[in-house]
Amino acid sequence: MDRLPAKAPLLEKSATGPMSPWWGVGITLVGWLILAIPAFFLLFATATMFSGCFLECTAPDPAGGTAGVVFLAAMVAGPPLLGTAVVTRRRLWWIALGACVFVAVAVFIVVASL
Numbered sequence: 001m002d003r004l005p006a007k008a009p010l011l012e013k014s015a016t017g018p019m020s021p022w023w024g025v026g027i028t029l030v031g032w033l034i035l036a037i038p039a040f041f042l043l044f045a046t047a048t049m050f051s052g053c054f055l056e057c058t059a060p061d062p063a064g065g066t067a068g069v070v071f072l073a074a075m076v077a078g079p080p081l082l083g084t085a086v087v088t089r090r091r092l093w094w095i096a097l098g099a100c101v102f103v104a105v106a107v108f109i110v111v112a113s114l
């Protein structure tokens, strides 16, 4: 007797395949919504550090202002990197997100030690 040919597996999404891009969009938007208020206050504090003027004018703090700019860049870049890393499931995007976090933490440590 002839054997019947093996059935091809049903076309299903594999667990390792890419997800819908809308997951990345959602993660990015939720991340930006969560970080909107802290980013606003950090922007205000960064401008104050660079100018040295809030209620009274004092000497500007360029190290603190530079740290604020780095933190703001991490707040803007972090959610899209996380969304892309989750959707594509590629190591490169997780490394980029880790590098973003590492730079922010390193700048925090350097500025805190001054």
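1 is the number of the first residue of the sequence shown in our numbering; add one for each residue after it. From the three backbone atoms N, C-alpha and C, an ideal C-beta is built for every residue, glycine too. Note that the structure is predicted; figures quoted are calculated from it, not measured.
- Message: For the pair the stretch 36-54 and the stretch 90-99, tell me if three or more CB-CB distances fall below 8 Å.
- Response: Verdict: no, contact absent.
- Quick one: Cα of T84 to Cα of L114, how far? Walking along the sequence shown from the start, residue 84 turns up at place 84. Walking along the sequence shown from the start, residue 114 turns up at place 114. A straight line joining the alpha-carbon of T84 with that of L114 spans about 35 Å.
- Task: Rounded to whole angstroms, what's the CA-CA distance from A116 to A77? Just pull it up for me.
- Result: No answer is possible for residue 116: it lies beyond the span of the chain, which begins at 1 and ends at 114.
- Query: Would you call A36 buried or exposed, if buried means 16 or more other Cβ atoms sit within 10 Å of its Cβ?
  - Reply: The sequence position of residue 36 within the sequence shown is 36, counting from 1. Label assigned to A36: exposed.
- Please state whether DSSP places L11 in a helix, a strand or coil. For the purposes of this step, residue 11 is taken as the residue at position 11 of the sequence shown. Confidence is the limiting factor: at L11 the pLDDT is only 48, short of 50, which leaves the residue's position unreliable, though a coordinate-based value still follows. DSSP places L11 in coil when its eight states are reduced to three.
- Delimiting residues of the alpha helix (DSSP H) encompassing S113: Here residue 113 refers to the residue found at position 113 of the sequence shown. Run containing S113: 91-113, per the alpha helix (DSSP H) assignment.
- Query: Among residues of its own chain, excluding the 5 on either side of L72, which ones have a beta-carbon nearer than 8 Å to its beta-carbon?
  - Reply: For the purposes of this step, residue 72 is identified with residue 72 of the sequence shown, where counting begins at 1. Excluding sequence neighbours, L72 sits near A39, L42, L43, T46.
- Query: To the nearest angstrom, how far is it from the Cα of W22 to the Cα of T88?
  - Reply: Position 22 of the sequence shown holds residue 22. Position 88 of the sequence shown holds residue 88. Taking the straight line from one Cα to the other gives about 12 Å.
- Message: Determine whether the beta carbon atoms of G26 and L82 lie at a separation below 8 Å.
- Response: Taking the first residue of the sequence shown as 1, we reach residue 26 at position 26. Taking the first residue of the sequence shown as 1, we reach residue 82 at position 82. Not a contact, by the Cβ cut-off of 8 Å.
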